[in-house]
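Top to bottom, those sequences are chains A and R. When the letters of the first sequence are read in order and numbered with the numbering used here, they come out as residues 219 to 347. When the letters of the second sequence are read in order and numbered with the numbering used here, they come out as residues 194 to 737. C-beta: ideal position from N, C-alpha, C; glycine also.
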Amino acid sequence: MSKKIIPVLKIYCLCQPLLMTEWRSILSDKFAHSLPINLELTDDPSQASVIAWDGMISAKMQRLLPEIEHMLKGKTLLVMGEAQTLLKDHPFVRIFEAVENAPQLTGWSVLPEELLESLMSCYQKSSHV
Amino acid sequence: MFSWKEFENTKTVLSQVRSYQDQAGQHHVTIRPIDLQRWMEVACEDLGFLMLVEMAGVDLTGVPHNTHRFELTYHLLNMETHQRFNIHVLVDESEVVPSVVNFYPHADWLEREQHEALGIQFSRPLHGLLLPHDQKFFPLRKNAQIKQWPVEKELTAPQLRHNPNKSEAPFPEESWQWKSFGLFSPLTRGDFEWMVCFDPVKVVDSKVNIGFAHQGFEKLLESKDWLQVLQLVEKINLGAAPNYGIAWSKTLEDLLRIKIPERAQAIRIVALELARIAEHLTVIHDMTFALEMPEHRLFINAREKIYELIEKYCGRRQGLGLTRIGGVKEDLPHGWIVEYQAICEMIKKNLKAIHRSLFSQNKFRKNLGAGQVSAQTALQWGITGPAMRACGLNFDLRKSQPFYFYQDIDFDIPVGIHGTAYDRYLIRLEEIYQSFRIITQVIDNLPLGSIVSQELDLDYTALKDYLSHSEIPRTWHYTGLESPNGEAGFLVKFNDSTTPYRVKIKTPSFPLVQALPSFVLGLQEHQLKSCLASLGIRRFELDR
């Protein structure tokens, strides 16, 4: 009998101070098995297939933009677009112009269910590329 | 023991402009920069104010009757008598303020922060902390016009000295090597840039570069009204959201002398303790996750149960929006207490079993047992919370300056011995049990009555109108609470009663990162990750 191989989606959270506590929730028993894929949080961006980012570029982060753009090559980007509306026209930061069709999270306070939903669309996007 | 009566005699010896005592019993003196060193010497060495808790500068442009351009406030704490003391320094634009790093090393980052935000000159060369070097916008000045930021250069490793005489025994520093952990390295995880010097096995020095998530949060708050600020500050640390919300509400309630109903106080205590349990579970999860131990999932499962309880109470997982000025938004729902009791018993039982499993593993004890931090180091860097208590200092705001009715609750403050990551783990674990003990006592004796102060039981527009017509003291005021990772609070100054003139956010993560070189001294590279996780550094708390 052949054993079914469950695909693994590795996620790297790039600078998400707001959501950092919630990303861990998807590892709990309550949420971890709700998708037909296994989810893994990784500390190494080169291993990840999804980069989750709030898209906020601070004054100091400008220097690292080329590094971020290089990191995003060949990965699926998950951005927090709507959450950044508060920071629109903010003098301290600017918002990264996400690539077209990048899966987006909505709102300031994101629930694990919403994270899972957007991760599923990330998985579908990455498996079709 | 130091008394304010003696202080009144002392201050006549020193030159000072004026002094007063605020409604919270804190003393304030206003001086000129020339007297600052002498005052700091007296405060630190004679009066026992060994900890510099926070420092805030404000641009006084537009304040009626102001005689100087800036005001710098040093907020000091005497940990023996639990008294707080504020030194205000009036500064002109051309004046140089003497640095106080010789008394309080923690002042290093605080002075750099004020220098880059307001352009205040200190008596030592300073470069940027949260903003790129050489920026000239001074964003916290009232007339600041921010254009394009300069691009900062990369952090470079300090030059190592070379062995001047190769024929002699190897010069120890010759084998040292600096290793760079960038913002996206698995170790720093987007929190900061870190250069660590190894000898070549153990850490001998390190340099931290922060400011990558700096949004100018304090500047943003200056343009928001009280109620908007309440919504925003809860997001400083989403994992402990009720702490900042309650701290902000308490600041305003103290200033306006509003007494909140006993039932609201009780519910606030329950919310604070639930948030503490959830945050401690997150930190312990991070420690075990860093050590790649399978038990990490169990801590997150336990945290989910706490979040379910919070969600059942206020509708939001982390407790966002449960506070309102004058009380709380909702009463505990029907059946909540029974559910709490079941979850409390289950988590306590599970935690005991998980701890036994972790304790039996050498990997866990060995990795966390290295790198001792002394109590003196904790004091010097203004460290609070479990990281300070792990060094042997018994200080917790819930006991030392009890608010609401913490003084009537029977609970213990766990204290460590060596100041290692293992001590911090044990303290967090014990604090979880103590928090359950507190909540159980509170709900067993839950007072009856309303959940909002009668005078403030208004809808949003009416409340806003009420607050805008309130007489608010225009002096500095500090309110701090014991958050899961240490003291968190606000040092505020009002000019009129609609928006804050200046809000300085006191967060526990800021001094922790400043003191990071002390915490990792003597550790090996594979131990750094778990040590970092044990501190509970929150990035948003760091970058203001």
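- In this structure, the CA atom of R582 of chain R is about 9 Å from the CA atom of D616 of chain R.
- In terms of beta-carbon proximity, G383 of chain R lines the interface with chain A, with at least one pair separated by less than 8 Å.
- E466 of chain R: member of the alpha helix (DSSP H) spanning 455-483, first to last residue.
- In the three-state DSSP reduction, S373 of chain R falls in the strand class (E or B).
- At a Cβ-Cβ threshold of 8 Å, Y626 of chain R and I462 of chain R do not count as neighbours.
- The secondary-structure analysis by DSSP pairs H221 of chain R across a beta bridge with R:Y213, R:N279.
- Scanning R:E472, R:E624, R:R732, R:D736 for the CA closest to the CA of S243 of chain A turns up R:E472.
- In the structure shown, the three-state DSSP call for E411 of chain R is helix.
- Within the region 475-491 of chain R, the residues whose Cβ lies closer than 7 Å to some Cβ of chain A are T475, H478, R490, listed in chain order.
- When the five nearest sequence neighbours on each side are left out, the beta carbons in the same chain lying within less than 7 Å of the beta carbon of I610 of chain R are those of G585, D616, in order along the chain.
- For E675 of chain R, the three-state secondary structure derived from DSSP is strand.
- DSSP links P693 of chain R through a beta bridge to R:F687.
- Counting the other Cβ atoms within 10 Å of the Cβ of Q265 of chain A gives fewer than 16, which makes it exposed.
- Under the Cβ distance rule, A277 of chain A counts among the residues neighbouring chain R, one pair being separated by less than 8 Å.
- Relative to the Cα of I453 of chain R, the nearest Cα in the group R:E427, R:T516, R:I429 belongs to R:T516.
- Judged by DSSP in its simplified three-state form, E273 of chain R adopts coil rather than helix or strand.
- Scanning its chain for C-beta atoms nearer than 6 Å, with the 5 sequence neighbours on each side dropped, one finds around L232 of chain A the residues I269, W271, in chain order.
- Exposure of E331 of chain A is indicated by the presence of fewer than 16 other C-beta atoms within 10 angstroms of its C-beta.
- Closer than 8 Å to the CB of K222 of chain A there is not a single CB belonging to chain R.
- Inter-residue distance for M539 of chain R and L725 of chain R is about 29 Å (C-alpha atoms, whole angstroms).
- About 5 Å separates the Cβ atoms of G682 of chain R and T672 of chain R, confirming a contact at the 8 Å cut-off.
- Residue burial is scored here from C-beta neighbours: E497 of chain R has at least 16 other C-beta atoms within 10 angstroms and is therefore classed as buried.
- With the criterion set as a beta carbon lying under 7 Å from some beta carbon of chain R, the members of the region 240-259 of chain A are R242, S243, L245, S246, D247, K248, in sequence order.
- Judged by beta-carbon spacing, F310 of chain A lies within the 8 Å limit of G409 of chain R, meaning their Cβ atoms are closer than that value.
- When rounded, the separation of the alpha-carbon atoms in W529 of chain R and T444 of chain R is 29 Å.
- Listed in chain order, the non-local C-beta contacts of A568 of chain R below 7 Å within the same chain comprise C584, G585, L586, local neighbours out to five positions each way being set aside.
- Put simply, the backbone Cα of A320 of chain A is about 6 Å away from that of L295 of chain A.
- In the DSSP assignment, the residues bridged to I229 of chain A are A:L259, A:V268.
- Chain-ordered, the chain R residues with CB closer than 8 Å to the CB of H308 of chain A read Q408, G409, L413.
- Under the Cβ criterion of 8 Å, L502 of chain R is not counted among the residues facing chain A.
- For G575 of chain R, the closest of R:Y267, R:W232, R:S196 by C-alpha to C-alpha distance is R:Y267.
- Relative to I698 of chain R, the option among R:I730, R:G715, R:D736 whose CA is nearest is R:D736.
- I223 of chain A sits exposed, since fewer than 16 C-beta atoms from the chains shown fall within 10 Å of its C-beta.
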